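First the structure, in the form of structure tokens, and then the observations on it.
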Amino acid sequence: MDRAEAWRLVQEHVSNRNIVKHMLAVEAVMRALARRLGEEEEGWGLAGLLHDLDYDRTRDDPPRHGPTTVEMLAGADVPAAVTDAILAHNRHKPASAPIETALLAADPVTGLIVAAALMHPEKSLAACDADFVVRRFGEKRFAAGADREQIAQCREVGLEVEEFLALSLEAMTAIREELGL
Ligand SMILES: [Fe+2]
105 MDRAEAWRLV
115 QEHVSNRNIV
125 KHMLAVEAVM
135 RALARRLGEE
145 EEGWGLAGLL
155 HDLDYDRTRD
165 DPPRHGPTTV
175 EMLAGADVPA
185 AVTDAILAHN
195 RHKPASAPIE
205 TALLAADPVT
215 GLIVAAALMH
225 PEKSLAACDA
235 DFVVRRFGEK
245 RFAAGADREQ
255 IAQCREVGLE
265 VEEFLALSLE
275 AMTAIREELG
285 L
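Taking our numbering, I'd label the letters of the sequence shown as residues 105 to 285.
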């Protein structure tokens, strides 16, 4: 599956525009991480872009989130590493491979960065710098839904939290028009 086919699936199956933006943001972070780590960028990008593909179908059935995406991708030519990462992101398998740990960390970091951009006086990603995001990370009650321990799992793929936040901010800023931020 190439990126164009994955994007077609997202547009076909995900009706909530904010979820689509979230999936694009996680894709951007995963691609940046893959480049930083010398990993396979296309696969990491697919894992990010597709990870919530089943959102419309499992919104009211959280335990099925993940396995349903894998069912939706059955028959498509998607690497097992990608579907494994999608299962691991909702704890349907333990995260062990770097792509799995990376997706666990990338998922909440995008929410933290969106919240930081929205609380910035200019309400834009371009106006935020890494220090601003690092400070928001340290405020436990800010965007409390963005699980700090899960974000800090970036350490398991070799990045300190500060570097991961900076890399994620840069990746999301590069697609800020798609994100509307
Ligand atoms: Fe997600």
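From the three backbone atoms N, C-alpha and C, an ideal C-beta is built for every residue, glycine too. All figures in this text were calculated on a predicted structure; none of them were measured in a lab.
{"Query": "Looking only at its own chain, which residues have a Cβ that is under 6 Å from the Cβ of I255, when we skip the five neighbours before and after it?", "Result": "A209, P212, V213"}
{"Query": "Which residues in the same chain have their Cβ closer than 6 Å to the Cβ of V186, if we skip the five residues on either side of it in sequence?", "Result": "G147, L150, A151"}
{"Query": "Is D158 closer than 8 Å to M176 when the C-beta atoms are compared?", "Result": "yes"}
{"Query": "Quick one: measure Cβ to Cβ for A129 and M276, integer angstroms, because I've assumed they're closer than 8 Å.", "Result": "5 Å"}
{"Query": "In terms of residue numbering, what span does the alpha helix (DSSP H) encompassing S200 cover?", "Result": "It is not in any alpha helix (DSSP H) - S200 carries neither H nor E in the DSSP assignment."}
{"Query": "Do the segment 187-196 and the segment 107-122 make contact, defined as three or more Cβ pairs closer than 8 Å?", "Result": "no"}
{"Query": "Hey, does T187 have any beta-carbon neighbour from chain B nearer than 8 Å?", "Result": "No chain B is part of this structure, which consists of one protein chain only."}
{"Query": "For L153 and M105, I'd like the C-alpha separation in whole angstroms.", "Result": "12 Å"}
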